[in-house]
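Trainee: Heads up: the sequence shown is residues 50 to 295, going by our numbering.
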Amino acid sequence: MSDNIEGKVVVITGASSGLGEATARRLARDGAKIVIGARRIERLRALAQELSLHENAVMQTDVRDREQVKQLVDRAVSVHGHLDVIINNAGLMPHSPLERGRVDDWDQMIDVNLKGVLYGIAAALPHMMRQKTGQIINVSSVAGHKVGPGGAVYAATKHAVRVISEGLRQEVKPYNIRTTIISPGAVATELPNSITEQDVADRVRQLYDRVAISPDSFASAVAFAMSQPEDVDINEILFRPTSQEY
Ligand SMILES: NC(=O)c1ccc[n+]([C@@H]2O[C@H](COP(=O)([O-])OP(=O)(O)OC[C@H]3O[C@@H](n4cnc5c(N)ncnc54)[C@H](OP(=O)(O)O)[C@@H]3O)[C@@H](O)[C@H]2O)c1
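1. From D79 to V188, what distance separates their C-alpha atoms?
2. I'd like to confirm something about D111: is its beta-carbon nearer than 6 Å to some heavy atom of ligand 1, or not?
3. How about E285: is its Cβ closer than 6 Å to a heavy atom in ligand 1?
4. CB of R89 to nearest heavy atom of ligand 1: below 6 Å?
5. Name the two residues that bound the continuous beta strand (DSSP E) containing E116.
6. Looking at C-alpha atoms only, which residue of L167, N242, F288 and D258 is the closest neighbour of D114?
7. Indicate, with yes or no, if ligand 1 has a heavy atom lying under 6 Å from the CB of G150.
8. By the three-class DSSP mapping on this structure, what secondary structure does N137 have?
9. Based on the DSSP output, what are the partners of N187 in its beta bridges?
10. Nearest to P296 by alpha carbon, out of Q247, L217, L121 and F267?
11. Here's a check: name, in chain order, each residue in its chain whose Cβ is nearer than 8 Å to the Cβ of V161, leaving out the five neighbours to either side.
12. Hey, how far is the Cα of H144 from the Cα of L68?
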């Protein structure tokens, strides 16, 4: 068990695969009470069963729908009595050069990576302000710090997540709420599957095959940020595979 994790009530969006799933496993092992959301409900149910989560700890959630995000967060409070942490993790990365005009992909990234995070903040804040405690963990990326060809819109959403998180950090001081940005480099998940342009997907997969590290790296970063004493606010963790140049 890690300090300051056991017994905490944690909502994770995008917990049906990748970083969210690995974090659910890690935090459940450390004794947290996890409530998980994503669209693929069968995967969530299987994970909940494996981790022996509460029978109501799973909710089909599309983070593009603000009411569904609110219901997920409210479910955690109704099942477990309060909310300690929300991890706004759901996201996708359909890279492509702007000249190809994949406007639907741009919309998806803005709706999921950016507005989905805002909906998580909107759902969690009223509970945390009332409680005068809580932690909001938003998932950005190395792409929240820099941009490369083909990644303009993704990087824009991830930069925005960092900016919103910093504004949030300053605003929630009176409520004793901690705010954390976690910005990973290449981690081996299903993320490249969201790329709709075949040549781009092939290139990204080759990179991931070469350098990507285990999702446990992300789960460890979450556990580190959560497990600090309540008066210590870890505001950002940026990490990469040792072999990643970008
Ligand atoms: N892996 C990396 O290299 C890396 C690096 C930097 C940042 N990130 C960020 O890490 C986060 C998690 O990605 P991952 O790497 O774990 O990829 P992943 O394995 O593809 O997982 C993405 C998760 O987001 C969920 N999701 C996608 N659209 C959603 C929607 N509309 N509503 C609710 N959930 C949705 C997916 O669940 P459903 O499809 O079941 O809804 C899935 O659980 C993303 O924000 C990503 O940008 C990843």
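No residue lacks a Cβ here, since even glycine has one placed at the ideal position from N, Cα and C.
Mentor: Concretely, from the data shown:
1. Roughly 21 Å separates the two Cα atoms.
2. Closer than 6 Å to some heavy atom of ligand 1: that describes the Cβ of D111.
3. Outside the cutoff, so no.
4. Within 6 Å of the C-beta of R89 there is at least one heavy atom belonging to ligand 1.
5. Element bounds for E116: not the beta strand (DSSP E) but the alpha helix (DSSP H), R115 to H129.
6. Considering only alpha carbons, the answer is L167.
7. G150: no, Cβ never under 6 Å from ligand 1.
8. It is a strand residue.
9. DSSP links N187 through a beta bridge to N137 and I230.
10. Outside the displayed range of the chain (50 to 295) lies residue 296, so it cannot be described from this structure.
11. Excluding positions up to five away in sequence, the list reads V112, R113, A139, G140 and L141.
12. C-alpha separation (whole angstroms): 19 Å.
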